[in-house]
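Inspection log for the structure reproduced underneath, given as structure tokens.
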Amino acid sequence: MTRQHPIGLGLLALFASALLLGIPARAQDETEPEAIAVPEVDAEAEVSFLKDVAPILVENCVGCHNPKKAESRYDLTTFALLAKGGAMGEGIMLEPGDPDLSYFVELIRPEGAPRMPWKADPLDEQKRMVIERWVAEGAEYDGEDPSSDWVALVNRTREVVIPDAYPYPMPITAIAFAPGGEHIVASGYHELNTYAIADGSLVRRSPGVAERVYDLAFSPDGTRLAVAAGDPGRLGEATLWGVTDAGEFTEPKRLVESDDALYCVAFSPDGKRLAVGGADRTIRVFDVASGDRLAEVEDHADWVLDVAFSPDGSRLATASRDKTSKLFDANSYESLVTFPGHGEAVYCVGFSGDGKTVFSGGGDARVRNWNPDEDAKQVRELGGFSGPVFDLKLFADGQSLAASGADPVVRLFNAADGAQSHALQGHEDWVYRLAVSPDGSSVASGCWDGSIKVWNPADGTLRSTLIAVPGHPDAETADAR
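Structure below.
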């Protein structure tokens, strides 16, 4: 059974599989989103576009018909564009009062040619009849502006139910050491979960994020937490949370919303700027204090999976699914150089301690160290991995590097010469995420199987194991939400 990088995981499907089988689900289709509950339609009440029709379209159609990916040039993200149609054929898209004369209805019928959803099962009869009934009743739009993005409105207002108890540990897609080094914050389902390293207990559950959390970063002074999250194919968000002296999170401030997931965040060394990247191929930089957008750069041809500032804050490095790592001037945001050496998706990136070279990890099972000031010439490569390298982290002192990927081992290297110093073994599955404590005394690793391990990098010994299973009766938790 195959697996994939966590950016393609269907977490609701994971819950369902765990409940039915008692084992963790593995790979889901990369575009499979979290299922949206379609409300029952009152037989006597008039069908509402936003309440009744829109959730069906978001679940089944918008993933292939949006501004970034408009199959057949048909964008469904505003009512005006839905009614206008695309390049799929002749005919009136919506004929108010007559479904049989509406080409949109023809497209969603089982015999439609072409049929939506394309290369998927037809809409079930209940959902299709809701849409046909809406057209028969006049195909009215009950929003304020037909040209506004109704998809974002539906995604923001749909009800989210976080389970009191997870049926099974979830894959760890983001981790970070909390200020003080005694707690770890980890990804959850529409929430952030804080664990005590000493005993593995769940200290706090903090809801208020999108379905899947992909990256976490505390500001250098520990007063803010940046979160990259999203529902693939539907929305992405980068949020900024305040952090109290007690380690609690204040109400998040949303910096940006996107029509697809956001995957990475990074603070500048002075904590004044935040870089964000995601599936829309865009790099955004924000002023942390005001939330103002300072820059927006579209230079990659595919998803931006990681971002990192140089130690002096003058340059910004990126990793992308377009098989490149790039370097930008962090003041003008002009592209400086491109490193194409991986030949596969590049998942992670970081700077050497002196900022002179860049480390990147990718689908070629290598960490590559390259010099941006010498036309991205490769200095050395770090190997030993059994598959793609999903994450790497440089220590604050610049002397060591931790890397992990599609095997159960966390590898520590000397950043200066690339020599491996330790192979941290104890996980039983792929290790997706890493974190290094600010003082460099601990390394945390997050695994597919829902475990988080904390290591002593000095001697490679295991300090603690945490299990990401909030509310489960077999888990010891201080379940305070």
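Numbering (the working numbering), first residue to last: 7 to 487. Ideal Cβ placement from N, Cα and C applies to all residues, glycine included.
So, with DSSP's three-state summary, where would you put residue i?
i, result
"R260", "strand"
"K133", "helix"
"I203", "coil"
"E217", "strand"
"R469", "strand"
"L300", "strand"
"R287", "coil"
"P476", "coil"
"E138", "helix"
"F391", "coil"
"K125", "coil"
"A60", "helix"
"E65", "helix"
Rounded to a whole number of angstroms, what is the C-alpha to C-alpha distance between residue i and residue j?
i, j, result
"A202", "D293", "31 Å"
"E257", "V475", "24 Å"
"Y438", "G144", "50 Å"
"G389", "A382", "19 Å"
"L468", "L430", "8 Å"
"P238", "V136", "25 Å"
"S341", "D455", "38 Å"
"D251", "C67", "45 Å"
"W461", "V416", "10 Å"
"E117", "E138", "15 Å"
"W156", "L88", "11 Å"
"S207", "G253", "15 Å"
"H433", "P444", "23 Å"
"N375", "K133", "52 Å"
"F396", "G283", "16 Å"
"L113", "G69", "16 Å"
"V160", "D423", "52 Å"
"E101", "G91", "12 Å"
"P30", "H478", "Its pLDDT being 33, under 50, P30 is placed unreliably in this model, and the coordinates cannot settle the point."
"H71", "S153", "16 Å"
"I509", "I458", "Nothing can be reported for residue 509, as the shown portion of the chain is limited to 7 through 487."
"V291", "W124", "36 Å"
"H196", "R218", "6 Å"
"L472", "A60", "40 Å"
"R210", "A441", "19 Å"
"D265", "V364", "30 Å"
"G248", "R230", "5 Å"
"D328", "A351", "6 Å"
"D127", "L63", "14 Å"
"A409", "V262", "30 Å"
On the DSSP bridge assignment, give the partners of residue i in chain order.
i, result
"R321", "D335"
"S326", "V310"
"C453", "V437"
"D397", "S410"
"S341", "F334"
"S54", "Answer by DSSP bridge pairing: none, since S54 is not bridged."
"S212", "L198"
"Q431", "V415"
"V191", "A182 and T200"
"V442", "V449"
"D293", "R279"
"P426", "As written in the sequence, residue 426 is Gln, which differs from the Pro given in the question. According to DSSP, which records beta bridges pairwise, Q426 is partnered with F419."
Taking 8 Å as the cut-off, is the CB of residue i close to at least one heavy atom of the ligand GDP?
i, result
"N199", "For the ligand GDP, the structure offers nothing, since it holds no ligand at all."
Check whether the region 444-453 touches the region 396-408, counting contact only when three or more Cβ pairs, one atom from each stretch, lie closer than 8 Å. Yes: the two stretches touch, three or more of their Cβ pairs being nearer than 8 Å.
Tell me the start and end of each unbroken beta strand (DSSP E) in the region 224-282 that is at least 3 residues and wholly inside, in chain order. 230-237, 241-248, 259-264 and 268-273
For the region 347-386, list the beta strand (DSSP E) runs that are entirely contained and at least 3 residues long, ordered along the chain. 352-357, 364-368 and 373-377
If you pair each beta-carbon of the region 270-290 with each one of the region 104-117, do three or more pairs fall below 8 Å? As far as the Cβ criterion goes, the region 270-290 does not touch the region 104-117, which means the pair count is below three.
4-residue-minimum alpha helix (DSSP H) runs that sit fully inside the region 141-180, ordered along the chain: The qualifying runs are 156-163.
Assess, as a yes-or-no matter, whether the region 304-315 is touched by the region 264-275 under the definition of 3 or more beta carbon pairs within less than 8 Å. The region 264-275 makes contact with the region 304-315: 3 or more CB pairs, one atom from each, lie closer than 8 Å.
Return the chain-ordered ranges of every beta strand (DSSP E) run that is complete within the region 83-114 and spans a minimum of 3 residues. none
Does the count of Cβ pairs from the region 233-243 and the region 296-303 closer than 8 Å reach three? no
Cβ pair count under 8 Å reaching 3, the region 176-195 against the region 131-150: no
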